[in-house]
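Chains as they are written, first to last, in our numbering: chain A, 529 to 702; chain B, 147 to 280.
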């Protein structure tokens with residue numbers, strides 16, 4: 529019997545302590561803690577690592593503070609295109625989706641690809657069909673919108689127009 | 147980008163990653179998250195990995211698979227392998243970001259070369275830990 533463990537992340541990049549109010553910092557810690565609690569509950573109940581990681585990521589996708597699911601960033605066209613993947617270490621089975629918008633939890637769409645097709649990655653309308661057929665809940669575009677991400681897009685596009693966009697990707701990957 | 151890695155009581159590993167990508171990214175641009183072996187990877191013989199950062203570099207350096215290879219062929223520990231990939235391979239090639247990783251003994255590693263990474267861990271002892279900065 530192995531002693532279980534779980535780690536989560538909510539993104540890395542230019543996170544400046546000076547820009548983070550105590551309230552915002554507490555909100556991020558709270559979101560991470562809720563994700564850990566969701567995964568821990570699965571593992572403590574002798575559940576599988578796959579169920580634990582998808583439960584934890586669903587919590588982070590539902591939390592608009594993080595760049596995934598609700599609160600995802602926008603493309604230069606002002607729309608949201610989401611990517612997700614899962615991989616099972618016991619079987620090396622894997623599922624991935626890219627460029628999708630619709631499934632409330634893109635990670636569950638990736639899991640549907642792994643569990644309901646012979647493929648690893650699906651994109652486009654068929655990726656959405658596989659998710660829908662697997663019973664993954666969908667939301668309309670408005671559900672995923674946050675003003676903070678929309679404002680970040682506008683300021684990045686303005687920097688680009690003004691020719692002052694920095695090349696530091698750490699500022700942009702949310 | 148968000149992610150999780152886990153080792154369960156049966157010693158099985160899994161990884162999951164999900165992202166909106168980069169602010170103002172080109173339409174159709176896909177980063178490392180859905181690329182198996184780059185931003186997401188799991189195999190019980192070595193490790194499970196979920197990455198976050200400058201996706202193009204994580205892809206080109208097959209970040210997650212490189213950690214597994216260092217463990218499998220180079221005999222490195224999870225933490226040695228993960229730190230080398232993040233703090234050298236990626237950091238020296240404009241690959242800002244970080245990753246979380248777990249091995250089949252339940253050891254965890256969370257290296258990052260950027261200013262911060264939203265991250266958390268919990269073990270069977272129930273000790274919940276969340277961090278943002280170093």
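Where is the CB? At the ideal position from N, CA and C, for every residue including glycine.
Inset, instruction - Closer than 7 Å by beta-carbon distance: list the chain B residues that pair up with residue 561(A), in chain order. - result: On the first chain, residue 561(A) is found 33 positions in, with the first residue counted as 1. In chain order: 266, 274, 276.
Legend entry - Neighbour list for residue 684(A) in chain B, Cβ cutoff strictly below 8 Å: Within the first chain, numbered from 1, the residue matching residue 684(A) stands at position 156. Neighbours of residue 684(A) on chain B, chain order: 169, 170.
Inset, instruction - Measuring alpha carbon to alpha carbon, tell me which of 147(B), 265(B), 277(B), 161(B) ends up nearest residue 210(B). - result: Stepping through the second chain from its first residue, residue 210(B) is reached at position 64. Ranking 147(B), 265(B), 277(B), 161(B) by Cα distance to residue 210(B) puts 161(B) first.
Inset, instruction - From the DSSP output, in three-state form, read off residue 628(A) for me. - result: As a first step, residue 628(A) is located in the first chain; it is residue number 100 there, counting from the start. The answer is strand: DSSP assigns residue 628(A) an E or B state.
Inset, instruction - In the DSSP assignment, find the unbroken alpha helix (DSSP H) run with residue 278(B) in it and report its ends. - result: Numbered from its first residue, the second chain carries residue 278(B) at position 132. No alpha helix (DSSP H) contains residue 278(B), which DSSP labels as neither H nor E.
Inset, instruction - Taking the CB atoms as reference points, tell me whether residue 638(A) and residue 658(A) lie closer together than 8 Å. - result: Residue mapping note: residue 638(A) aligns to position 110 of the first chain, counting from 1. Residue mapping note: residue 658(A) aligns to position 130 of the first chain, counting from 1. Not closer than 8 Å, so no.
Inset, instruction - Could you work out which residues of chain B lie near residue 608(A), taking near to mean beta carbons separated by less than 7 Å? - result: Numbered from 1 along the first chain, position 80 holds the residue referred to as residue 608(A). The answer, in chain order, is 166.
Legend entry - Beta-bridge pairing of residue 171(B) - partner residues as DSSP gives them: Walking along the second chain from the start, residue 171(B) turns up at place 25. Answer is 603(A), bridged to residue 171(B).
Inset, instruction - Measuring alpha carbon to alpha carbon, tell me which of 668(A), 547(A), 541(A) ends up nearest residue 705(A). - result: Because residue 705(A) is not part of the residues shown, which for chain A are 529 to 702, the question remains open.
Inset, instruction - Locate the alpha helix (DSSP H) running through residue 220(B), then write down its first and last residues. - result: Counted from its first residue, the second chain places residue 220(B) at position 74. Counting along the chain, the alpha helix (DSSP H) containing residue 220(B) begins and ends at 209–220.
Legend entry - Any C-beta of chain A under 8 Å from that of residue 212(B): For this step, residue 212(B) is matched to residue 66 along the second chain. Chain A contact via Cβ: absent.
Legend entry - CB-CB length for residue 559(A) against residue 243(B), believed under 8 Å: On the first chain, residue 559(A) is found 31 positions in, with the first residue counted as 1. On the second chain, residue 243(B) is found 97 positions in, with the first residue counted as 1. Wrong, their Cβ atoms sit about 19 Å apart, outside the cutoff.
Legend entry - Any C-beta of chain B under 8 Å from that of residue 567(A): Within the first chain, residue 567(A) is the residue found at index 39, counting from 1. Yes, residue 567(A) lies at the interface with chain B (some Cβ there is under 8 Å from its Cβ).
Legend entry - Per-residue contacts from residue 256(B) into chain A (C-beta, under 7 Å): Residue mapping note: residue 256(B) aligns to position 110 of the second chain, counting from 1. For the C-beta of residue 256(B), the chain A residues within less than 7 Å are, from N- to C-terminus, 535.
Legend entry - Cross-chain neighbours of residue 542(A) in chain B, by beta carbon under 9 Å: What you label residue 542(A) is simply residue 14 of the first chain in a count that begins at 1. Ordered by position in chain B, the residues that pass the 9 Å Cβ test against residue 542(A) are 242, 260, 261, 262.
Inset, instruction - For residue 633(A), count neighbouring Cβ atoms within 10 angstroms of its own Cβ and tell me buried if that reaches 16, exposed if not. - result: Here residue 633(A) is taken as the residue at index 105 of the first chain, counted from 1. It counts as buried.
Inset, instruction - Please decide whether residue 702(A) counts as near chain B, where near means a Cβ-Cβ distance under 8 Å. - result: Here residue 702(A) refers to the residue found at position 174 when the first chain is read from its first residue. Model confidence at residue 702(A) stands at a pLDDT of 47, short of 50, so the residue's coordinates are unreliable; what they give is reported in the following sentence. It does; some Cβ of chain B falls within 8 Å.
Inset, instruction - Output the boundary residues of the alpha helix (DSSP H) element that contains residue 230(B). - result: Translated into the one-based positions of the second chain, residue 230(B) becomes position 84. Note, residue 230(B): alpha helix (DSSP H), 224–230.
Inset, instruction - Tell me whether residue 263(B) sits in a helix, a strand or coil according to DSSP, three-state version. - result: If you number the second chain from 1, residue 263(B) lands on position 117. The answer is strand: DSSP assigns residue 263(B) an E or B state.
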